[in-house]
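In my numbering, the protein residues as written are 66 to 310.
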């Protein structure tokens, strides 16, 4: 397989010009969102190489917003800068890294759900319900693109819970983990989306009922069950390696 990522070609490709009416910051955000979506869907595979000139040519923008987006992704650990060779997508997370992320999520996300039940506005609760509806619409989809789209909304759902908790430090810490990016790159399974949906519904129901204890419990249970599902992936890989050895 070619080492270069497959990128959706934008309008005006290969012009190198910034499309009119779009600021540098907005373009960088668009490039970031495009690359993040392709990471989630595995269209850009772990270990593949990403170069600025290729992205600029394929997306039809100048190199400046590409650099801005990649610099942001590097700071967040989503890409690694390779001297004189552009950037490379990191390999899949290790079991140790996965367990560390799970531990941090168990510390922070139940607390965020508890605060959300206490502080979320009616508009924010409605936003959580709309997010569930969007995820439900994607649940029956097949293929890496649909799974990646579900994963992005899964991340947005957890971010909205943290946002409605009105604790910016918790929200920023969870965002820096990018746990959903790493987990949804790890394994594609329709059952994962189905089970996650039911668990999300329990979280939203508790928040809407203004029941902090139930919200914290539902979120903790969701993260623990999610951890069990993805932990089986590591078990399968280790078993396969043992057989080969």
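Virtual Cβ for every residue (Gly too), placed ideally from N, Cα, C.
Hey, how far is the Cα of residue i from the Cα of residue j?
i, j, result
"residue 295", "residue 113", "23 Å"
"residue 132", "residue 117", "7 Å"
"residue 78", "residue 120", "Summary for residue 78: the model assigns pLDDT 36, below 50, so the residue's position carries little reliability; its value from the coordinates is reported in the next sentence. Cα-Cα distance, rounded: 10 Å."
"residue 175", "residue 111", "30 Å"
"residue 239", "residue 217", "14 Å"
"residue 94", "residue 151", "19 Å"
"residue 159", "residue 115", "22 Å"
"residue 243", "residue 305", "27 Å"
"residue 140", "residue 286", "31 Å"
"residue 135", "residue 169", "26 Å"
Helix, strand or coil: how does DSSP classify residue i here?
i, result
"residue 192", "helix"
"residue 236", "helix"
"residue 153", "strand"
"residue 119", "helix"
"residue 275", "coil"
"residue 108", "coil"
Pull up the CB-CB distance for residue i and residue j, whole angstroms please, since I reckon it's below 8 Å.
i, j, result
"residue 271", "residue 280", "4 Å"
"residue 226", "residue 178", "6 Å"
"residue 185", "residue 277", "Between residue 277 and residue 185 the Cβ distance is about 11 Å, and since that is not below 8 Å, they are no contact."
"residue 250", "residue 138", "Not confirmed; about 14 Å, so no contact."
Got a sec, what are the start and stop residues for the beta strand (DSSP E) residue i sits in?
i, result
"residue 145", "145-147"
What does a CB cutoff of less than 7 Å around residue i pick up in its chain, not counting 5 residues either side in sequence?
i, result
"residue 44", "There is simply no residue 44 to check, as the chain begins at 66 and stops at 310 in what is shown."
Closer than 6 Å by C-beta to residue i: which residues in its own chain qualify, once you throw out the five before and the five after it? Chain order, please.
i, result
"residue 167", "292"
"residue 235", "173, 177 and 227"
"residue 145", "153 and 155"
"residue 247", "158"
"residue 299", "160"
"residue 267", "283"
For residue i, report the span of its alpha helix (DSSP H) as first-last.
i, result
"residue 178", "160-184"
"residue 231", "Unbroken run through residue 231: none, as it is neither H nor E."
"residue 141", "No alpha helix (DSSP H) holds residue 141; DSSP gives it neither H nor E."
Ordered along the chain, which non-local residues of its own chain (more than five positions away) have a Cβ less than 8 Å from that of residue i?
i, result
"residue 203", "211, 214, 215, 218 and 258"
"residue 288", "167, 170, 171, 174 and 175"
Below 7 Å, is the gap between the Cβ of residue i and the nearest heavy atom of the ligand MG?
i, result
"residue 113", "Among the components of this structure there are no ligands whatsoever, and the ligand MG is therefore not found."
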